[in-house]
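Chains as they are written, first to last, in this note's numbering: chain A, 1 to 355; chain B, 356 to 710; chain C, 711 to 1065; chain D, 1066 to 1420; chain E, 1421 to 1775.
We put the beta carbon where it would ideally sit given N, CA and C, even for glycine.
These figures come from a predicted structure and were not determined experimentally.
Before any comments, here is the structure.
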Amino acid sequence: MARKDNTSYKKTIGLAPGTIFYTGEKTSSDLYIEVFKYNKETYEEKELDAIEAAFSYNTATHITWINVNGLNHTKVIEKIGNHYGLHPLILEDIVNTQHRPKIDEYENYLFVVLKMLYFDKNGELVIEHISCVLGDSFVISFQESDGDVFDPIRSRIRNNKGRIRIMGSDYLLYTLMDAVVDNYFNLIEVMGDKIEELEDELFEKKDDNDITYDIQNLKREILRIRRAVFPLREVVNRLEKIEHKLIVKKTRFYLRDLYDHIIQVSENVEIYRDMIWGLMDMYMTTISNKMNEVMKVLTIIATIFIPLTFLAGIYGMNFENIPELKYKYGYYIFWTVLLIIFIGLIVYFKRRKWL
Amino acid sequence: MARKDNTSYKKTIGLAPGTIFYTGEKTSSDLYIEVFKYNKETYEEKELDAIEAAFSYNTATHITWINVNGLNHTKVIEKIGNHYGLHPLILEDIVNTQHRPKIDEYENYLFVVLKMLYFDKNGELVIEHISCVLGDSFVISFQESDGDVFDPIRSRIRNNKGRIRIMGSDYLLYTLMDAVVDNYFNLIEVMGDKIEELEDELFEKKDDNDITYDIQNLKREILRIRRAVFPLREVVNRLEKIEHKLIVKKTRFYLRDLYDHIIQVSENVEIYRDMIWGLMDMYMTTISNKMNEVMKVLTIIATIFIPLTFLAGIYGMNFENIPELKYKYGYYIFWTVLLIIFIGLIVYFKRRKWL
Amino acid sequence: MARKDNTSYKKTIGLAPGTIFYTGEKTSSDLYIEVFKYNKETYEEKELDAIEAAFSYNTATHITWINVNGLNHTKVIEKIGNHYGLHPLILEDIVNTQHRPKIDEYENYLFVVLKMLYFDKNGELVIEHISCVLGDSFVISFQESDGDVFDPIRSRIRNNKGRIRIMGSDYLLYTLMDAVVDNYFNLIEVMGDKIEELEDELFEKKDDNDITYDIQNLKREILRIRRAVFPLREVVNRLEKIEHKLIVKKTRFYLRDLYDHIIQVSENVEIYRDMIWGLMDMYMTTISNKMNEVMKVLTIIATIFIPLTFLAGIYGMNFENIPELKYKYGYYIFWTVLLIIFIGLIVYFKRRKWL
Amino acid sequence: MARKDNTSYKKTIGLAPGTIFYTGEKTSSDLYIEVFKYNKETYEEKELDAIEAAFSYNTATHITWINVNGLNHTKVIEKIGNHYGLHPLILEDIVNTQHRPKIDEYENYLFVVLKMLYFDKNGELVIEHISCVLGDSFVISFQESDGDVFDPIRSRIRNNKGRIRIMGSDYLLYTLMDAVVDNYFNLIEVMGDKIEELEDELFEKKDDNDITYDIQNLKREILRIRRAVFPLREVVNRLEKIEHKLIVKKTRFYLRDLYDHIIQVSENVEIYRDMIWGLMDMYMTTISNKMNEVMKVLTIIATIFIPLTFLAGIYGMNFENIPELKYKYGYYIFWTVLLIIFIGLIVYFKRRKWL
Amino acid sequence: MARKDNTSYKKTIGLAPGTIFYTGEKTSSDLYIEVFKYNKETYEEKELDAIEAAFSYNTATHITWINVNGLNHTKVIEKIGNHYGLHPLILEDIVNTQHRPKIDEYENYLFVVLKMLYFDKNGELVIEHISCVLGDSFVISFQESDGDVFDPIRSRIRNNKGRIRIMGSDYLLYTLMDAVVDNYFNLIEVMGDKIEELEDELFEKKDDNDITYDIQNLKREILRIRRAVFPLREVVNRLEKIEHKLIVKKTRFYLRDLYDHIIQVSENVEIYRDMIWGLMDMYMTTISNKMNEVMKVLTIIATIFIPLTFLAGIYGMNFENIPELKYKYGYYIFWTVLLIIFIGLIVYFKRRKWL
């Protein structure tokens, strides 16, 4: 399972820089392009068959959001690149799903890579590659497949809720990133539940199934989340700080706020990491405690019965001259002695708090 | 319980930035507004029903402190925001109880978020969200519910004790923060006691209840405290350093002092963290020591009686021709041999320091 | 095996700085020089017997790539150094295979050291020393032996694929470095597989062979990879940032991209490091779990049969007056009692989840 | 004992900033004021009853050192503060024994807090709070009680040894700090001895007393030392770097030297910390080794005698037809077989290196 | 043995700053002064009885290297200090063998402290204190005793090999430092061998001697090496960067190279540190594995023979009416049953992979 992150590395080794090669697993996703065009007064929403239709949308009076789903359609992405004059390395990174979050500044546009994280129905962590190009009056977002966290944004555009319709394209970019980061809190919550579950298994239930595997799995997940979330701090921080004509001052407050959220997620990730690493130690003490318990039972049984069996063995000997054997009440005296030893040992164990 | 910190994340996901949504648990707190208005000569103290009454208080000749309890009353907070021209993101953060300590600088006011920490009557760590807005001649503080650490400040205003009545609103902000940080020392002390208690349980008492759970709990608490306290260092440091018309030079000395206190708390938190992490190792050695003790008892008993039982078994055999059985004093010789073996083994164990 | 990295240190101790002494193990490699000379329109490819032939290649109209294989031929390297006016310390570092990745800036050329990593057919990690000199219109690369990761570049030059034929010598240097870094992803993948294998061995198979050795081996490998990869971050970062006439602006975008790739590799290395360190803990719990299992079997057997054997011992005694022995059904009653005890203990173990 | 550091926190919570409240334990120390007044030619030494007498000492021609013992006499400290115009926060910190080392710069004076560390006669680590005010031609030092490390300085002033009489008040401050830091090396040595002792106990002696407690104690001590020593690095570094009229250039060389010493102490503290943390692991292996030894004894005894006892049991059976019982030498053959088994097992254990 | 580093601290506590007090252990070393005087054309080499003879050597046309062995001869060092106008603190540090590596810049000279490391014939790590003063046309080096790593340099001066005779005094200083650092690689190699040896002991040999002690020793050694090597990075880095008339540009390339070497040593030290810390964990698993093995033997023996002994006990009972005892082939049937049980258990253990 460690392999999961790397399956596609091999395919791209040796390719020329700037080659557009989709490295993800969803190689048969349908192409799905949706376009929003809005300003303070009006808005328009369309689903497109071909990307060319979107190119006419760009105007000075509207903000345009082009959302492209299906990174396997590299031809379409190349067309977009040509139309907007994007650098070949950007096109490569749009489809390179292994790429870490980053921000690239060009004269006329900004390029942001980030990661959408969720648990699929099998409870497996999925990391989806999202990239955004911010231009003068447009934002183009790229996703691996449809189904995303942008529905609240769509609804805010449609219903003219919040500030989105009166702000520029930089605010739109912020909103998209904010939606992705907001969703991280879901993830954090699930991770918290998983840790709690494991702790409960460790403490309360007595069954013996090995949870080392589950802990190792959690470790891997938190490490993958960390890798997706941590670089984003730097991305947003830089986005807030850079002097670029596309980022207006009013938006910086929002980016600062976004930065605070990512820090909050990161802190949670670090805390959970500490907790998960601690689980192994806890498990170890649990095992040792169980063994202690087992050993005590063994020791109590052995310590009581081994001496008694010895005594019985004595009077099972065939010496011709064992006077005790001939006493009338020898057998009963014997039992009395056994009982005294037995009670003495029980008292001893009670004192040692073994019983 | 890991979930405790995150219960409210889900509800806010998808909301537009700047939406005022209370994320805490005290959704039915009463609204409680108190106002202090003072200068060198006079002071006035009032409890208000409606926030509007407070708006008339602001004058150039007095310092006004408005203390709002009940973050669930988002309407009231919105009104305050409108009256004082606060940024929507600030209003969002006032009621976002999950937000980490921070400072935001605006042209006409400063916004500070911090955390009040205490253990409730059940011994559970409670983290209460406090935020303060510092304006020209006023401070507005927001809390989740009444009951706070500000009583000494109230009394100092009433009795004109200390410097509070002769200093500006920035000193008032400092005093509020100082009161919160002062209270951290209480917390530190309780944590120290808890660690000591666990250590005593580890060393002195012999009962077997599993303290892994308690250690894990302590870990979680110290991590939560850490998260609430550590960002405050940066906040106070920045507050001391920024060039802002609202912070006068005289107050900076006090902020420096406050910074020292937070560093001191942080150092204690780090030390306790180290101690708590060490507890698990200590517990592990304690378990192993106990097992060693158990194993020794078992080994001593088994090592003494198994050979003796073997000997008894020998003379319990029914061979027709076992000469020893026919000796007159065979039985007594047998006992003598047993005693010699017994004493020999005892001496052996003494030498090995097992007894 | 820890020695492997250091075998050659001793030989160079005491040599004057700038002495050209090959420190690697491939002391009998054949000398193999290949030269590429190309521009937008034409390209030429040659294999040389003597390095002198290459010196005539340098012209203003072409880019020349001289690839020297066989660092043991120090004479040849000295000749190159003399021809191109390279600093003696550079020549020393070209053949010092122990040297870590670095970049040295001189007025007329840049010198870069990096490491090619691969697993040989025995599965052993091999670290090959590569150094490049970037000049005005040429790049000279030095390797320990032929067989490298540059084939895709050769083919791109031949077929005029990608941008390589229209860009300068700095782009060629970038391409060489990019090929080396691309290959790291292979390595990462193999390491991922190895970790996964060990985890599977830990979890699924029950055989007892000690995997401590394998874990220790993995540790050593990841540490060596780390040492080869991490300094490269700084090298590429500096290459991107420096103001040097040899690095044109257009190439910087590509260097930034290369930097992102190295960061990605580094992150993977760190994650694998964490995973490998965790394996030891996992192994420990696995051992303890097995011991628990063993102890339970022992305890169950002993706890059942020791008391029963004691009872049998009782009725094997030779007291003259043991009434039970004379009961007609004494033997059958005895068996019944045994069975009851037996069943009682089984129930007890079931309850304790030991069975 | 974790509580020891914090006992006094509670008392100061809620006090107004600048309140002079002694937080230490030596609440009944006698007041003891000593004054040194010296220049190149002359020196004077006096013990004072009242602080007022010291105020007349300050002249431009002499350096004055006022050493105040007894921080519980807050009235006296207030008087000093008033006379020299010290900031209220400084007075608070002079008597706040919990305060960490720091330096505060004011226009006319510098304020330094540091910690004197020693082990008392019970071997307990004592941390004594020392603060110094450096003025134009005077230094005032404050201690909790008399008995300090300044005797060599007193003697150097009296005997005009070293440079002290020809240098300014900044050099005097340096000398005081140097004396305190010099004494840390004593501490370091005692810690080294303690660690060595514990290691010896772990390796050589076989007695079973639990040293977890001692290790935990050492941990606590090294953490407390760390907290007292580490901030001093920053203090001295700043003292060397600041532009302040009171620190002349000549003294900076000495401060640099002092800084080197503190770094050296810090490094030792870090190394000891590593060693102490390692002790727990060592102890764990020691316990496990002992258990191994115990288990081996048990296993050897059980493995030898259980089969032999079984054989004896066989021939203790009462089957009517057991032919061996009737052999004339049956008993002797039996013993021979036992001996063979016994020797075989001994050989087996020798081979396994268990004996 | 932890004490070894600190034995001399006590003696210097309380001494005035600048006091020349030798803190090392070689208090009876002979004084041994050697002088090299050379330029491009000529060289001269002399062994001196008195240091005064060396003072006439300084000329503008030659480079002079004065090598002083025997730090216990503090009088001589004082004379040198007076002649060259060295600061008293420098003289103190020359003989303070506890001092960490550092560089001090003065107007007319540079002062460098570093550490020569080697293992003596008993295999004990020795740290020898070396300090160098770099002046206009001379270098003075100070060592604790003769016997050093400078022989290659002597031979290079004599034979005019390398660049040494044509470069300035700064290059000579570099050469001395380079020789010391070169020697670290020897050390690194020995440490590598020691680790490998311990690993082999852990894996292959089965004897039971406790290697905790050896691991702890290695830890201490690597920590001491670390302390001697790590500060040197900063020293050389600063030496390369400072603007000082004594360091010419040409030498900076060599210092950069030296810096690379120290980084390489440091990386190795860090890796070995990681490996050594890991050894303890490995040892722990080895112990646990051994215990597992022991426990299995015990469990197998006990599980096989305890039930069989029980059965034998049954038929050793003296009930009057045990029908089996009267069967003609009862005894043989009994053995058959035993055999079946025996084989069944063997099969069971095979399945569980315990055999």
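In the DSSP assignment, what are the bridge partners of residue i?
| i | result |
| --- | --- |
| residue 1349(D) | According to DSSP, which records beta bridges pairwise, residue 1349(D) is partnered with nothing at all. |
| residue 115(A) | 129(A) |
| residue 1132(D) | 1099(D) and 1206(D) |
| residue 813(C) | 822(C) |
Under the rule that 16 or more other beta-carbon atoms within 10 Å means buried, what is residue i, buried or exposed?
| i | result |
| --- | --- |
| residue 1061(C) | exposed |
| residue 1560(E) | buried |
| residue 1040(D) | Residue 1040(D) is absent from the model: chain D starts at 1066 and stops at 1420. |
| residue 258(A) | buried |
| residue 1082(D) | buried |
| residue 1337(D) | buried |
| residue 941(C) | buried |
| residue 1469(E) | exposed |
| residue 506(B) | exposed |
| residue 243(A) | exposed |
| residue 376(B) | exposed |
| residue 1150(D) | exposed |
| residue 1388(D) | exposed |
| residue 1401(D) | exposed |
| residue 1775(E) | exposed |
| residue 778(C) | buried |
| residue 715(C) | Unreliable placement is indicated for residue 715(C), whose pLDDT of 46 sits below 50; the coordinate value is still reported in the next sentence. When all chains shown are included, residue 715(C) counts as buried. |
Just to confirm, are residue i and residue j a CB contact at a threshold of 8 Å?
| i | j | result |
| --- | --- | --- |
| residue 1091(D) | residue 1137(D) | yes |
| residue 1694(E) | residue 933(C) | yes |
| residue 460(B) | residue 446(B) | no |
| residue 534(B) | residue 504(B) | yes |
| residue 35(A) | residue 54(A) | yes |
| residue 142(A) | residue 131(A) | yes |
| residue 863(C) | residue 886(C) | yes |
Since I believe residue j is in contact with residue i (beta carbons under 8 Å), could you give me their beta-carbon distance rounded to a whole number of angstroms?
| i | j | result |
| --- | --- | --- |
| residue 937(C) | residue 810(C) | 7 Å |
| residue 539(B) | residue 1154(D) | Between residue 1154(D) and residue 539(B) the Cβ distance is about 19 Å, and since that is not below 8 Å, they are no contact. |
| residue 995(C) | residue 1705(E) | So it is not a contact: roughly 10 Å between Cβ atoms. |
| residue 1009(C) | residue 297(A) | 6 Å |
Would you call the segment 642 to 653 of chain B in contact with the segment 1288 to 1304 of chain D, where contact means no fewer than 3 C-beta pairs closer than 8 Å? no
On the three-pair Cβ rule with 8 Å, is the segment 1613 to 1621 of chain E touching the segment 1568 to 1582 of chain E? no
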